[in-house]
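Here is the structure we will look at.
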Amino acid sequence: MRYTIFGFSVVLLAALFLTSNVKAQVLSPGSFEKTYARDYSIINEDCLQYINQLDAIQNHAPCLEEESVSSIGSTGLSLLSPRALVSYNSAYPRGYNDGPLWQGKGLTAALKGGIQGQWGVLSVTLNPMVYYSSNASFYIPSNPNKNEYSYPFQQNIDYVMRYGDDAFVKLLPGQSDVSVEAFNIRAGVSTQNFQWGPARHNPIVMSSHAPGFPHVYVGSDRPFDTGIGDIEIKQFWGQLSESSYFDDNSSNDERFITGLSLGYEPKWIPGLNLGFNRVMYENWQDLNWEDFFITAYRFETPSDVEAEAQNDEFDQIASVSARWTFPEVGFEPYFEFAKNDFGGEIWGFQPEHTRAFTLGITKWFELNNDRDLVLTAEHTTLGQSRSVLVRPTPTYYVHGVVKQGYTHQGQIMGAGIGPGSHSNTIDVKLYGPKLWHRLVIQNIRFDDDYYYATFDDRYHHDLEINATYEGRLQLDGYDIGYALTYSRRNNWYYERPRDLNNIHLTLSLSL
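Residue numbers (mature numbering (1 follows the signal peptide of the UniProt record, and there is no 0)): -24 to -1, 1 to 487.
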């Protein structure tokens, strides 16, 4: 295994420095390409031809097609843009929406690349990643009922804080996919990341925070043009894996997951994109053939559960979302409103029960000299509402029966801020012909559900305030990326006073 990873790294490095004119058609988690394409779609709706679901692998992205492709002979294959990344965290692990990459304390080094080809109806993308983590130690409070490296404050969740004692190397399939397309229907097998809904920083139901999981999918290749507007649909069936730092029971290491995403753009309201997202998962040993269609027919309320005990084996997260783009003025408001674990009625005495939401706005300003300024403000709330006092319900991404919760390989699949948390973000980007600048200011209040259930004072919140400067320079055919984040973490893991300062440095190089 060690020599396989070494050989793969040598090949990628050779491609990085010896190959020219390659094109990345993969919007990798955390990449400049994904950020720019999402921003540019505000003033050019044809840039990304999607309504509600944004896949990492883009088969139709006109705004990315100006770059040339390096073909491999007459094979029909092309090289994907290789990318090397090095990052460093000084005090504790930190990294959000970075897909297969986990950035622990200390040094992290990653390398990715691959090939892509299309032959008739068949499309193939192989874009693996290999990374090294020094995985340095830091303080984690102990919980005698959980693994010492797991999140200690919520019992039923496989949320890894540190992957063991030692440095490690991982080779992951990353943004890889094999699919066929006919009559505007695409079906395939994939490990790519995908995002549902319009949120920029904290999608609630499906984000790019965790590694992509193996899944089979079928859905529209592009939105269908109907008489009442454009419609988009995707259904998937997949497998989630437990980390090595949860329990010693090998019989529950896998979970079945299925999800449905619907998008609709009304014909009479240009720029309005509506979405519905639903994910359900259960222990693999509870799987039966009916569960493959469960997103389409099971909508019981909590009263049904108590009466018939039908839904205990499943956890569910569902949301509705919307974004409304005004290309002529470069403005987009958006939201996602979610309900957790069969949370009950939308209307009624307690419509806020099990709710979570993200609200945001983005404005694009055209400046002089081919420069553009993009401003985004976003708020996310995952903490429980007051209805929990009379109707107990799990914290987001935690479940009573599916013990690992909504995670894959120890990482949250929804909003990266984690269970019960809140976040406010201001994001400013300046695009230029060869140079890109970005400033992000954010505060995160972690797991308020645990805080309010445990403390009776106002001084123990686990709070982080951070500021990031990020840049990108195009130089002699190379893209050089760099970022610096300063984070101030007050009351680390609710211990007062235990305040930490973290410096997060990142340097990347790609074609």
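A virtual CB, placed ideally from N, CA and C, is assigned to each residue, including glycine. Please read all numbers here as calculations on a predicted model, not as lab measurements.
Please report the Cβ distance between residue 180 and residue 312, rounded to the nearest whole angstrom; I am assuming they are in contact, meaning their Cβ atoms lie under 8 Å.
Indeed, because the Cβ distance is near 5 Å, the residues count as touching under 8 Å.
Name the two residues that bound the continuous alpha helix (DSSP H) containing residue 430.
In the DSSP assignment, residue 430 falls within the unbroken alpha helix (DSSP H) covering 424 to 430.
Specify, as a first and last residue, the run of the beta strand (DSSP E) that residue 311 falls within.
307 to 316 is the extent of the beta strand (DSSP E) around residue 311.
Grouping DSSP H, G and I as helix and E and B as strand, with all else coil, what is residue 12?
The DSSP-derived three-state label of residue 12 is helix.
Less than 8 Å between the beta carbons of residue 482 and residue 61, yes or no?
Yes. Within cutoff.
Once the 5 residues before and after residue 384 are set aside, which same chain residues still bring their CB inside 7 Å of it?
Excluding residues within five positions, the ones whose Cβ falls inside 7 Å are 186, 187, 189, 216, 217.
Closest by C-alpha distance to residue 350, when choosing among 378, 316, 406:
Of the candidates 378, 316, 406, the one whose C-alpha sits nearest the C-alpha of residue 350 is 406.
Sequence-distant residues of the same chain with beta carbon closer than 7 Å to residue 472, five excluded per side
Scanning its chain for C-beta atoms nearer than 7 Å, with the 5 sequence neighbours on each side dropped, one finds around residue 472 the residues 435, 436, in chain order.
One or two residues paired with residue 465 in a DSSP bridge
Among the bridge pairs identified by DSSP, residue 465 is matched with 440, 476.
Rounded distance between the beta-carbons of residue 123 and residue 222, thought under 8 Å:
That belief holds up - the Cβ atoms of residue 222 and residue 123 are roughly 6 Å apart, short of 8 Å.
Would you call the CB atoms of residue 27 and residue 199 closer than 8 Å?
It is a contact, given that the beta carbons lie within the stated cut-off.
Comparing alpha-carbon positions, which option in 398, 239, 155 lies nearest residue 427?
Nearest neighbour of residue 427 by Cα position, chosen from 398, 239, 155, turns out to be 398.
Three or more C-beta pairs below 8 Å linking the segment 416 to 423 and the segment 334 to 351
Inter-segment contact for the segment 416 to 423 and the segment 334 to 351 is absent: fewer than three beta-carbon pairs are separated by less than 8 Å.
Could you have a look at residue 393 and say whether DSSP puts it in helix, strand or coil?
Here residue 393 sits in coil by DSSP.
Quick one: what's got a C-beta closer than 7 Å to residue 171's C-beta in the same chain, skipping five residues either side?
Counting only Cβ-Cβ distances below 7 Å, and skipping sequence neighbours, we find 30, 179, 182, 183, 184.
Straight-line Cα distance separating residue 120 from residue 396:
Roughly 22 Å separates the two Cα atoms.
Sufficient close CB pairs (3 or more, under 8 Å) joining the segment 297 to 317 to the segment 258 to 275:
Not touching, per the Cβ criterion.
Proximity winner among 201, 474, 486, 465, relative to residue 69 (alpha-carbon distances):
The residue among 201, 474, 486, 465 with its C-alpha nearest the C-alpha of residue 69 is 465.
Three-pair Cβ contact test at 8 Å for the segment 125 to 140 versus the segment 161 to 170
Put simply, the segment 125 to 140 does not touch the segment 161 to 170. Fewer than three CB pairs are less than 8 Å apart.
Put residue 486 into one of helix, strand or coil per three-state DSSP.
In the structure shown, residue 486 sits in a strand (DSSP, three-state: E or B).
Extent of the continuous beta strand (DSSP E) run through residue 337:
Residues 331 to 342.
Taking only runs that begin and end inside the segment 190 to 257, name each unbroken beta strand (DSSP E) of 3 or more residues, in chain order.
191 to 196, 200 to 202, 205 to 217, 230 to 242, all fully within the segment 190 to 257.
Work out the CA separation of residue 273 and residue 292 for me, nearest whole Å.
Computed Cα separation, rounded: 13 Å.
Could you tell me whether the Cβ atoms of residue 22 and residue 386 are closer together than 8 Å?
No, they are not a contact pair.
Locate the alpha helix (DSSP H) running through residue 270, then write down its first and last residues.
From DSSP, the alpha helix (DSSP H) with residue 270 extends over 270 to 273.
Anyone know if the C-beta pair for residue 328 and residue 361 falls short of 8 Å?
In this structure, the beta-carbon distance from residue 328 to residue 361 falls below 8 Å.
Pairwise C-alpha distance: residue 289 and residue 96
Cα to Cα, the separation comes out at about 42 Å.
May I ask which residues mark the beginning and end of the beta strand (DSSP E) holding residue 354?
From DSSP, the beta strand (DSSP E) with residue 354 extends over 348 to 357.
Residue 421 in three-state terms, based on DSSP:
It is a strand residue.
Looking at residue 80 and residue 65, is the spacing between their C-beta atoms short of 8 Å?
At a Cβ-Cβ threshold of 8 Å, residue 65 and residue 80 count as neighbours.
Shortest alpha-carbon distance to residue 109 belongs to which of 147, 411, 117?
When each option's Cα is compared against that of residue 109, the closest is 147.
Coarse secondary structure for residue 481, derived from DSSP in three states
In the three-state DSSP reduction, residue 481 falls in the strand class (E or B).
Measure the alpha-carbon distance for residue 400 versus residue 98 and round it to whole angstroms.
Straight-line Cα distance between these residues: approximately 43 Å.
For the beta strand (DSSP E) holding residue 22, just list the boundary residues, first then last.
Taken as a continuous stretch (DSSP letters only), residue 22 belongs to no beta strand (DSSP E), as it is neither H nor E.
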